[in-house]
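Report on the structure given below.
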Amino acid sequence: MSNAEKFDAVFMDALQITKEQLPGLTYQSIPAWDSVGHMSLVAALEDAFDIMLDTDDIIDLSSYEKGKELLKKYAVEL
Amino acid sequence: MLKGKNAIITGAGSGIGLATLHLFAENGCNCWAIVHRNDDGFKREIHRIESGCGVWVKPILIDLGHSDSINEGMKAVLKEKVPIDILVNAAGIVSPSRLFSMTKMEDVRKVMDVNFFGALELTQFVLRPMMRKKKGSIINIASVSAWGEDASQIEYAASKAALIVATKKLAKELGGTGIRVNAVAPGFIRTKMLKSLLDEDTAEKIQKELGLHRFGNPEEIAEVCLFLASEKSSYMTGETIKVDGGGINVRFPIPK
Numbered sequence: 001m002s003n004a005e006k007f008d009a010v011f012m013d014a015l016q017i018t019k020e021q022l023p024g025l026t027y028q029s030i031p032a033w034d035s036v037g038h039m040s041l042v043a044a045l046e047d048a049f050d051i052m053l054d055t056d057d058i059i060d061l062s063s064y065e066k067g068k069e070l071l072k073k074y075a076v077e078l
Numbered sequence: 001m002l003k004g005k006n007a008i009i010t011g012a013g014s015g016i017g018l019a020t021l022h023l024f025a026e027n028g029c030n031c032w033a034i035v036h037r038n039d040d041g042f043k044r045e046i047h048r049i050e051s052g053c054g055v056w057v058k059p060i061l062i063d064l065g066h067s068d069s070i071n072e073g074m075k076a077v078l079k080e081k082v083p084i085d086i087l088v089n090a091a092g093i094v095s096p097s098r099l100f101s102m103t104k105m106e107d108v109r110k111v112m113d114v115n116f117f118g119a120l121e122l123t124q125f126v127l128r129p130m131m132r133k134k135k136g137s138i139i140n141i142a143s144v145s146a147w148g149e150d151a152s153q154i155e156y157a158a159s160k161a162a163l164i165v166a167t168k169k170l171a172k173e174l175g176g177t178g179i180r181v182n183a184v185a186p187g188f189i190r191t192k193m194l195k196s197l198l199d200e201d202t203a204e205k206i207q208k209e210l211g212l213h214r215f216g217n218p219e220e221i222a223e224v225c226l227f228l229a230s231e232k233s234s235y236m237t238g239e240t241i242k243v244d245g246g247g248i249n250v251r252f253p254i255p256k
């Protein structure tokens, strides 16, 4: 599985959504991505890519696209 | 009671933290002992605990007054990828007992940094692994001084009051995640900290006024921590348990 596929799979699994829902998806735009869902998503991303997000980045993780951008900081190429 | 569990205990070098480290280890719990100094005496203590209890104890050097130090120490802990089941925020400092009007703001900030912000920052680190497991117990060591009924130690009392409010708020926030957050509010406990604040005569006078006519021992606080860390308290969260030997109306003397 490529990193991009893994990234999508984490979002879909953590937020219980389909691949079609991913583009343009933003924080709090669906019920599952509330603050509790956000922390589960963060935990799942950290597990999947073996990284530890800084608190500032957890706050910055405001959309599916932003997530991709943030992971670059942790040397994860998508 | 905690066989196979892993706990982080701050202030593990002495007093309530050290007593909690001993009791948790005796109950089968592996521990990261957060200390600001890892001297030979503490190393020997750890060796005794490990060989006597069949658990591991890892000293982690963290200065809770500094974010960078917390960051570095906790990242090292999290890198181990060992589940964290329990956090006991037992570290605490006091500044010399004096009237507020004679207390430096620098001292006030230092106490708040270690007792409150340090505990919160550490908590933030353990939340994610606990959330992943959907389970965890966080125990904050507060103090009866949080009720603010005596005149001295404003910064200490305020830091502990803040910790109690944070305990309640966090318990609410984390209610759905399986993580419980509780606090223990000790009264007068025989620790180096208490000794540094009271002369012998005052200590004697205060003990006579206490319901049980004596100061408590750190081990008696550790027992309550053990209860809160274990499944025996599975329906408790957001609670602060006073353990003060019936210290109703007993006050710290006004500083001379």
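Quick mapping for you: the protein sequence lines, in order, are chains U and X. If you're matching positions, the first sequence starts at 1 in the working numbering and goes up one per residue. If you're matching positions, the second sequence starts at 1 in the working numbering and goes up one per residue. No residue lacks a Cβ here, since even glycine has one placed at the ideal position from N, Cα and C. A quick note: this is a predicted structure, and the numbers were derived from the prediction, not measured.
Among all the DSSP beta bridges, which residues are the ones paired with residue i?
| i | result |
| --- | --- |
| Ala-7 of chain X | X:Cys-31, X:Ile-86 |
| Lys-58 of chain X | X:Trp-32 |
| Lys-242 of chain X | X:Ala-185 |
| Ile-179 of chain X | X:Gly-136 |
| Gly-216 of chain X | X:Ile-189 |
| Ser-63 of chain U | U:Thr-26 |
| Ile-141 of chain X | X:Val-184 |
Just the chain U side, please: which residues come within less than 7 angstroms of residue i by C-beta, in chain order?
| i | result |
| --- | --- |
| Met-131 of chain X | Met-39, Ser-40, Ala-43 |
| Lys-75 of chain X | Met-52 |
| Leu-78 of chain X | Met-52 |
| Thr-123 of chain X | Chain U residues near Thr-123 of chain X: none, gap ~12 angstroms exceeds 7 angstroms. |
Please confirm whether residue i and residue j have their CB atoms less than 8 angstroms apart.
| i | j | result |
| --- | --- | --- |
| Leu-2 of chain X | Ser-230 of chain X | yes |
| Tyr-156 of chain X | Val-57 of chain X | no |
| Gly-247 of chain X | Gly-211 of chain X | yes |
| Met-131 of chain X | Ser-29 of chain U | no |
| Lys-133 of chain X | Pro-83 of chain X | yes |
| Val-55 of chain X | Gly-28 of chain X | yes |
| Ser-97 of chain X | Leu-197 of chain X | yes |
| Glu-257 of chain X | Cys-53 of chain X | In the structure as shown, chain X begins at 1 and stops at 256. Residue 257 of chain X is therefore absent and cannot be evaluated. |
| Ile-141 of chain X | Gly-216 of chain X | no |
| Leu-78 of chain X | Met-52 of chain U | yes |
| Cys-326 of chain X | Val-88 of chain X | With chain X running from 1 to 256 in the structure shown, residue 326 of chain X is simply not present. |
| Val-35 of chain X | Leu-61 of chain X | yes |
| Met-12 of chain U | Lys-19 of chain U | yes |
So which of the options has the shortest CA-CA distance to residue i?
| i | options | result |
| --- | --- | --- |
| Thr-167 of chain X | X:Ile-241, X:His-22, X:Asp-201 | X:Ile-241 |
| Ala-76 of chain X | X:Met-236, X:Ala-33, X:Leu-120 | X:Ala-33 |
| Gly-41 of chain X | X:Pro-59, X:Asp-107, X:Gly-148 | X:Pro-59 |
| Ala-32 of chain U | U:Ala-14, U:Lys-19, U:Gly-24, U:Thr-55 | U:Ala-14 |
| Asp-85 of chain X | X:Pro-253, X:Ile-179, X:Met-193 | X:Ile-179 |
| Ile-138 of chain X | X:Ser-69, X:Ile-49, X:Gln-124, X:Val-181 | X:Val-181 |
| Tyr-235 of chain X | X:Lys-192, X:Thr-191, X:Gly-136, X:Gly-245 | X:Gly-136 |
| Val-189 of chain X | X:Ser-233, X:Gln-207, X:Leu-23 | Reading off the sequence, residue 189 of chain X comes out as Ile, not Val. Selected option, being the one with the closest Cα: X:Gln-207. |
| Ser-101 of chain X | X:Gly-175, X:Asn-71, X:Ser-152, X:Ile-46 | X:Ser-152 |
| Asn-105 of chain X | X:Asn-6, X:Ile-154, X:Lys-5 | The question names Asn, but residue 105 of chain X is Met in the sequence shown. When only C-alpha atoms are compared, the closest one is X:Ile-154. |
| Asp-47 of chain U | X:Val-108, X:Ala-119, X:Gly-13, X:Pro-129 | X:Pro-129 |
| Cys-31 of chain X | X:Asp-39, X:Ala-161, X:Asn-38, X:Ile-46 | X:Ile-46 |
Under the assumption that residue i contacts residue j (Cβ atoms under 8 angstroms), give the Cβ distance between them as a whole number of angstroms.
| i | j | result |
| --- | --- | --- |
| Ala-90 of chain X | Ile-8 of chain X | Not a contact, Cβ separation roughly 10 angstroms. |
| Val-144 of chain X | Gly-187 of chain X | 5 angstroms |
| Ala-185 of chain X | Val-243 of chain X | 7 angstroms |
| Met-193 of chain X | Ser-159 of chain X | The pair is not a contact, with the Cβ atoms about 13 angstroms apart (cut-off 8 angstroms). |
Can you pull the chain U residues whose beta carbon is under 8 angstroms from the beta carbon of residue i, in chain order?
| i | result |
| --- | --- |
| Gly-148 of chain X | None at all; the shortest Cβ gap to chain U is about 31 angstroms. |
| Arg-109 of chain X | The contacting residues do not exist; Arg-109 of chain X stays about 21 angstroms from chain U at best. |
| Arg-190 of chain X | Simply none; closest approach about 38 angstroms. |
| Arg-48 of chain X | Here the premise fails: no neighbours, minimum Cβ distance about 33 angstroms. |
Chain X partners of residue i, CB-CB under 9 angstroms?
| i | result |
| --- | --- |
| Asp-47 of chain U | Arg-132 |
| Val-76 of chain U | Simply none; closest approach about 17 angstroms. |
| Thr-55 of chain U | Gln-124 |
Starting from residue i, find everything on chain X with Cβ-Cβ shorter than 8 angstroms and list it in chain order.
| i | result |
| --- | --- |
| Val-36 of chain U | Gly-176, Thr-177 |
Closer than 9 angstroms by beta-carbon distance: list the chain A residues that pair up with residue i, in chain order.
| i | result |
| --- | --- |
| Arg-180 of chain X | In summary, chain A is missing from the structure at hand, where the protein chains are U and X. |
What residues from chain U crowd round residue i, counting only those whose CB sits closer than 9 angstroms?
| i | result |
| --- | --- |
| Arg-214 of chain X | Chain U residues near Arg-214 of chain X: none, gap ~44 angstroms exceeds 9 angstroms. |
| Arg-98 of chain X | Under the 9 angstroms cutoff, chain U gives no residues; its nearest Cβ is about 36 angstroms from Arg-98 of chain X. |
| Arg-251 of chain X | Neighbours of Arg-251 of chain X on chain U: none; closest Cβ ~40 angstroms, over 9 angstroms. |
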